[in-house]
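Engineer: Residue numbers (the working numbering): 18 to 272.
The beta carbon of each residue, even a glycine, is placed where N, CA and C say it ideally should be.
(1) Compute the distance between the beta-carbons of residue 62 and residue 190, then report whether it is under 8 Å.
(2) Residue ranges of each alpha helix (DSSP H) run of no fewer than 4 residues wholly in the segment 79–120, ordered along the chain?
(3) Rounded to whole angstroms, what is the Cα-Cα separation between residue 274 and residue 138?
(4) Whole-angstrom Cβ separation of residue 82 and residue 182, contact assumed at under 8 Å?
(5) How would you label residue 271, buried or exposed, when you count the other beta carbons within 10 angstroms and need 16 or more for buried?
(6) Could you tell me which residues DSSP pairs with residue 77 in its beta bridges?
(7) Since I believe residue 193 is in contact with residue 228 (beta carbons under 8 Å), could you give me their beta-carbon distance rounded to a whole number of angstroms?
(8) Across which residues does DSSP place residue 241 in a beta bridge pair?
(9) Looking at the unbroken beta strand (DSSP E) that takes in residue 271, where does it start and where does it end?
(10) Do you know offhand how far residue 54's Cα is from residue 196's?
(11) Flag this pair as yes or no: are the beta carbons of residue 130 and residue 96 separated by less than 8 Å?
(12) Would you check if the distance between the CB atom of residue 133 and the CB atom of residue 178 is smaller than 8 Å?
(13) Measure the alpha-carbon distance for residue 50 versus residue 230 and round it to whole angstroms.
(14) Measuring CB to CB, does residue 86 end up less than 8 Å from residue 99?
(15) Out of 166, 254, 205, which one is the CA nearest neighbour of residue 88?
(16) Have a look at the DSSP bridge pairing and note the partners of residue 128.
(17) Between the segment 104–116 and the segment 154–166, are three or more C-beta pairs nearer than 8 Å?
(18) Of all the options 56, 199, 261, 209, which has the alpha carbon lying nearest to the alpha carbon of residue 235?
(19) Taking C-beta to C-beta, are residue 75 and residue 163 nearer than 8 Å?
(20) Just how far apart, CA to CA, sit residue 69 and residue 90?
Set out below in structure tokens:
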């Protein structure tokens, strides 16, 4: 199956373009899982991080791990088809799935994948993440990147939600200065500690988002020591970028 890592055509509309696969080494790939309370700004932050890394010469894959499949919207400009939907169309015959069926080229050269998920109230999101990783390995895509970023829905409430941590090297938590988001951050941190018992997973730190204050964040990290990577105020351009389906980098280019 490694022979299938040829130049691939990304279907669909929007800004999707050709996807070029290359030989790589899984040991050189950094895998980052982004977690945080629902609606805290994980996807917007993830997309901008992906572009910034791509601009530094890294080959980046962003994997959306949410049934809404909107993680990569600001990179591609549209809701790309999900891996789970593609597998269902192919009757789960992995040999009939090609990279261009599931990997879409987004803004800045970032490759984009949406895992998708089961219908609301049915199935397990963790199973879908596992199937996504399995397929990407079958396509040799897990060996093609310098950075793979998992953008994960909501809080860690079960093993299914924590599934991306099984494949990550680092976890980054998005929060604000409020109790609810920090409570979720505490649960995510506990999950990282639990997963780190079985493989070398580390907590990269917190990003404070949409807040001009950080008093509760500071109290939290005093009790649960971890790095604070950045604290971002409420920036109107960030909110607008999500609505427009563009990263901050693309918006800046068009101004």
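Structural biologist: Walking through what the data contain:
(1) no
(2) 90–93, 100–106, 116–119
(3) Because residue 274 is not part of the residues shown, which for the chain are 18 to 272, the question remains open.
(4) In fact, because the Cβ distance is near 11 Å, the residues do not count as touching under 8 Å.
(5) exposed
(6) 164
(7) 5 Å
(8) According to DSSP, residue 241 bridges with nothing at all.
(9) Not the beta strand (DSSP E): residue 271 falls in the alpha helix (DSSP H), residues 265–271.
(10) 11 Å
(11) no
(12) no
(13) 25 Å
(14) yes
(15) 166
(16) 78, 122
(17) yes
(18) 199
(19) yes
(20) 16 Å
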